[in-house]
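In what follows, a single structure is set out as structure tokens and then discussed.
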Amino acid sequence: MATFTGKEIKEKINQNNLAMQKLFSPNTFILNEEIQKLREENAALQTICPHEFESGYCKYCGVRENG
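Taking our numbering, the leading residue of the sequence shown gets 1273, the next gets one more, and so forth.
Written out as structure tokens, the structure reads:
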């Protein structure tokens, strides 16, 4: 995965989360393949994030400190 700044990671995760919200149907219990792809991308972004923690969570990617 390419090198991203914390701000770029935050923007991309926010875009992915918005896309997932638009795809999510509360009446359907089947995981949408596109949602799964976006979740996996978020997880990959969290692994390369230059974490800066505030109140126990990274201000860029949302990962929990010591978690």
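Even glycine gets a Cβ: it sits at the ideal position worked out from N, Cα and C.
Beta-carbon proximity of N1288 to E1313, cut-off 8 angstroms | yes
Looking only at DSSP bridge pairs, what is R1311 linked to?
-> DSSP lists no partner for R1311.
Inter-residue Cα distance where the pair is E1280 and N1299 | 33 angstroms
Where does I1285 land, buried or exposed, given buried means 16+ other C-beta within 10 angstroms?
-> buried
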